[in-house]
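Visitor: Numbering (my numbering), first residue to last: 300 to 594.
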Amino acid sequence: MLTINYPNTNLVSIIIPAKNEGISVYNTLKSLYQSKTNICYEVIVVDDHSNDGCCDFIHADEQTTLIQTNGLGAAIARNIGARNAKGDILIFCDAHLFFQDFWIDRLIEPINKQICDAINPGISDVYNRKQIGYGYKWNEMLEAKWNTDLTELSPVPLLAGGCLAVTKIAFEQVGGFDHGFKTWGHEDEELSLKLWLFGYSCYVEPDVIIMHVFREDEPPFPLSWEDIDYNFLRMVYLHFNEQRVLKCLNFIKHTDSKKIRESVLSGDVLQQKKRYKQIRKYDDDWYMEKFQIPI
Numbered sequence: 300m301l302t303i304n305y306p307n308t309n310l311v312s313i314i315i316p317a318k319n320e321g322i323s324v325y326n327t328l329k330s331l332y333q334s335k336t337n338i339c340y341e342v343i344v345v346d347d348h349s350n351d352g353c354c355d356f357i358h359a360d361e362q363t364t365l366i367q368t369n370g371l372g373a374a375i376a377r378n379i380g381a382r383n384a385k386g387d388i389l390i391f392c393d394a395h396l397f398f399q400d401f402w403i404d405r406l407i408e409p410i411n412k413q414i415c416d417a418i419n420p421g422i423s424d425v426y427n428r429k430q431i432g433y434g435y436k437w438n439e440m441l442e443a444k445w446n447t448d449l450t451e452l453s454p455v456p457l458l459a460g461g462c463l464a465v466t467k468i469a470f471e472q473v474g475g476f477d478h479g480f481k482t483w484g485h486e487d488e489e490l491s492l493k494l495w496l497f498g499y500s501c502y503v504e505p506d507v508i509i510m511h512v513f514r515e516d517e518p519p520f521p522l523s524w525e526d527i528d529y530n531f532l533r534m535v536y537l538h539f540n541e542q543r544v545l546k547c548l549n550f551i552k553h554t555d556s557k558k559i560r561e562s563v564l565s566g567d568v569l570q571q572k573k574r575y576k577q578i579r580k581y582d583d584d585w586y587m588e589k590f591q592i593p594i
């Protein structure tokens with residue numbers, strides 16, 4: 300972990316990307332504003348080209364900023380929110396959450412105590428509150444699975460993007476969410492991996508619980524397996540060695556892996572990989588061994 304002295308934050312920036320979220324944006328902001336806190340915070344809502352009017356009720360004021368983007372996808376929308384943030388700590392939140400009193404105060408406490416650089420609360424299903432996930436872990440197929448048994452503040456390999464706090468310093472040092480990702484998928488996994496490889500640390504505070512509305516139907520925006528697999532393979536090429544990349548090609552089942560590979564390699568991924576290798580502190584072998592991921 301890098302040695303950085305973080306001052307106790309004077310301002311937290313809560314960044315909420317939204318796309319066709321219906322009443323959920325209103326419910327999330329209502330819950331946020333009604334929850335008690337001793338922390339000063341601003342709210343940045345990034346409306347990524349919704350066509351259902353879900354953010355039309357928002358009126359900018361000293362605490363709330365509304366940014367309109369043109370369908371750039373989850374990763375870029377979050378990055379734009381971060382670029383406009385004034386806080387020392389960024390908290391990325393989905394637009395379908397409900398909050399406890401003092402959740403902000405308790406969530407960022409380990410960051411202010413310099414225990415970690417990024418952190419998740421426990422994330423529960425609003426319809427089944429005993430079902431709680433505490434960050435993710437990868438299985439042997441690099442499928443992200445919820446941790447379900449944490450009882451104390453602990454390091455985790457992957458943080459869930461539904462409610463993720465990170466210092467602005469660490470976020471900017473790793474380049475934020477990947478700028479080359481499409482629509483949705485794997486952006487929180489790539490950021491978590493990158494934070495660890497750059498020498499930062501990701502933890503979960505299970506004593507803080509937020510409630511998440513998990514959808515049972517299709518997402519409210521167009522989403523394809525091509526985009527999800529593209530993001531997965533871009534992450535793999537950015538951070539993994541050649542032998543591990545070849546293994547990961549076999550994990551793509553819903554699309555033509557050769558075409559996805561060609562598309563990924565036609566971009567800047569290899570140049571970005573080279574830059575990362577020059578400045579990161581650890582490699583993917585270190586990460587897989589640390590978290591006992593069998594690949």
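The beta-carbon is built from N, C-alpha and C at its ideal position, and this holds for glycine as well. As the structure is a computational prediction, the values presented were derived from the model and not from experiment.
Secondary structure at A373, three-state DSSP: helix, strand or coil?
Guide: Along the sequence shown, one-based indexing puts residue 373 at 74. Three-state DSSP puts A373 in a helix.
Visitor: Which same chain residues end up closer than 6 angstroms to G461 when comparing Cβ atoms and leaving out the 5 residues on each side of it in sequence?
Guide: In the sequence shown, residue 461 corresponds to position 162, counting from 1. D393, I422, H511.
Visitor: Got a sec? Which residues, its chain only, sit under 6 angstroms from F539 by beta carbon, not counting five neighbours each side?
Guide: Within the sequence shown, residue 539 is the residue found at index 240, counting from 1. Once the five neighbours on either side are set aside, the close Cβ partners of F539 are D583.
Visitor: Would you kindly work out how many angstroms separate the C-alpha atoms of S312 and F590, rounded to a whole number?
Guide: Residue mapping note: residue 312 aligns to position 13 of the sequence shown, counting from 1. Residue mapping note: residue 590 aligns to position 291 of the sequence shown, counting from 1. Approximately 30 angstroms between the Cα atoms of the pair.
Visitor: Which residue comes first and which comes last in the beta strand (DSSP E) that contains D487?
Guide: The residue given as residue 487 occupies position 188 in the sequence shown. Per DSSP, D487 belongs to no beta strand (DSSP E); it is in the alpha helix (DSSP H), 486-496.
Visitor: Please go through the same chain and pick out, in chain order, the residues whose beta-carbon is closer than 7 angstroms to the beta-carbon of F356, but skip the five residues on each side of it.
Guide: Working through the sequence shown from its first residue, we reach residue 356 at position 57. Excluding residues up to 5 positions away in sequence, Y325 lie with their Cβ nearer than 7 angstroms to the Cβ of F356 in the same chain.
Visitor: Would you call the segment 403-412 and the segment 476-485 touching, i.e. three or more CB-CB distances under 8 angstroms?
Guide: no
Visitor: DSSP three-state label for P454, please.
Guide: On the sequence shown, residue 454 is found 155 positions in, with the first residue counted as 1. Looking at P454 - three-state DSSP - the assignment turns out to be strand.
Visitor: Buried or exposed for D387, going by 16 or more other Cβ atoms inside 10 Å?
Guide: As a first step, residue 387 must be located in the sequence shown, where it is residue number 88. The residue in question, D387, is buried, as its Cβ has 16 or more Cβ neighbours within 10 Å.
Visitor: Leaving aside the five residues before and after L441 along the sequence, list all residues of the same chain whose C-beta is less than 7 angstroms from its C-beta, in chain order.
Guide: The residue labelled residue 441 in the question sits at position 142 within the sequence shown. Excluding residues within five positions, the ones whose Cβ falls inside 7 angstroms are C547, F550, I594.
Visitor: Nearest-angstrom Cα distance between Y581 and V544?
Guide: Reading the sequence shown from its first residue, position 282 is the one you call residue 581. Reading the sequence shown from its first residue, position 245 is the one you call residue 544. Cα to Cα, the separation comes out at about 17 angstroms.
Visitor: Quick test of the definition: if touching needs 3 or more C-beta pairs under 8 angstroms, does the segment 454-468 touch the segment 482-502?
Guide: yes
Visitor: According to DSSP, A317 sits in a beta bridge with which residue or residues?
Guide: Residue numbering aside, residue 317 sits at position 18 when the sequence shown is read from its first letter. A317 is bridged to D346.
Visitor: Let me make sure I understand the geometry here. Which of E541, L452, F497, D528 has the alpha-carbon closest to that of V507?
Guide: The residue you call residue 507 lines up with position 208 of the sequence shown. For the residues E541, L452, F497, D528, the minimum Cα distance to V507 belongs to L452.
Visitor: With distances taken between CB atoms, is the gap from E488 to Y435 smaller than 8 angstroms?
Guide: If you number the sequence shown from 1, residue 488 lands on position 189. If you number the sequence shown from 1, residue 435 lands on position 136. Yes, the Cβ-Cβ distance between E488 and Y435 is below 8 angstroms.
Visitor: Between the C-alpha atoms of A417 and N378, what's the straight-line distance to the nearest angstrom?
Guide: Taking the sequence shown and counting its residues from 1, one reaches residue 417 at position 118. Taking the sequence shown and counting its residues from 1, one reaches residue 378 at position 79. The alpha-carbon atoms of A417 and N378 are separated by roughly 16 angstroms.
Visitor: How far does the alpha helix (DSSP H) with A469 in it reach, from first residue to last?
Guide: Numbered from its first residue, the sequence shown carries residue 469 at position 170. Residues 467-472.
Visitor: Can you tell me which residues form a DSSP beta bridge with S423?
Guide: As a working note, residue 423 is residue 124 in the sequence shown. Looking at the DSSP output, S423 sits in a beta bridge with I431, M510.
Visitor: Identify every residue that forms a DSSP beta bridge with I390.
Guide: For the purposes of this step, residue 390 is identified with residue 91 of the sequence shown, where counting begins at 1. BP columns for I390 point to I313, A464.
Visitor: What residue range does the beta strand (DSSP E) around W445 cover?
Guide: Position 146 of the sequence shown, counted from the first residue, corresponds to residue 445. Counting along the chain, the beta strand (DSSP E) containing W445 begins and ends at 443-445.
Visitor: Short of 7 angstroms in beta carbon distance, which residues of its chain neighbour Q367, apart from the five on each side in sequence? Order them along the chain.
Guide: For this step, residue 367 is matched to residue 68 along the sequence shown. Only D346 meet the Cβ criterion.
Visitor: Leaving out the 5 sequence neighbours to the left and right, which residues in its chain are closer than 7 angstroms to D351 when beta-carbon positions are compared?
Guide: Start at 1 with the first residue of the sequence shown, and residue 351 comes out as number 52. Contacts found: N319, G321.
Visitor: Distance, Cα to Cα, N337 vs N309?
Guide: Reading the sequence shown from its first residue, position 38 is the one you call residue 337. Reading the sequence shown from its first residue, position 10 is the one you call residue 309. Using only the alpha carbons, I get a separation of about 10 angstroms.
Visitor: Quick check on DSSP: helix, strand or coil for E525?
Guide: The residue you call residue 525 lines up with position 226 of the sequence shown. E525: helix per DSSP, three-state reduction.
Visitor: For I414, tell me which candidate among S500, I559, R560 has the shortest Cα-Cα distance.
Guide: Taking the sequence shown and counting its residues from 1, the one referred to as residue 414 is at position 115. Of the listed residues, the one whose Cα sits closest to I414 is S500.
Visitor: Between which residues of its own chain and C354 is the CB-CB distance below 7 angstroms, once the five residues before and five after are set aside?
Guide: In the sequence shown, counting from the first residue as 1, residue 354 sits at position 55. Excluding sequence neighbours, C354 sits near A317, V324, V344, D346, L365.
Visitor: According to the neighbour-count rule (16 or more other Cβ atoms, all chains shown, within 10 Å of its Cβ), is G258 buried or exposed?
Guide: There is no way to answer for residue 258, as the model of the chain reaches only from 300 to 594.
Visitor: Within 10 Å of its beta-carbon, does H485 have 16 or more other beta-carbons around it, so buried, or fewer, so exposed?
Guide: Position 186 of the sequence shown, counted from the start, is the residue given in the question as residue 485. So H485 counts as buried.
Visitor: Where does E408 fall in DSSP's three states?
Guide: Reading the sequence shown from its first residue, position 109 is the one you call residue 408. Looking at E408 - three-state DSSP - the assignment turns out to be helix.
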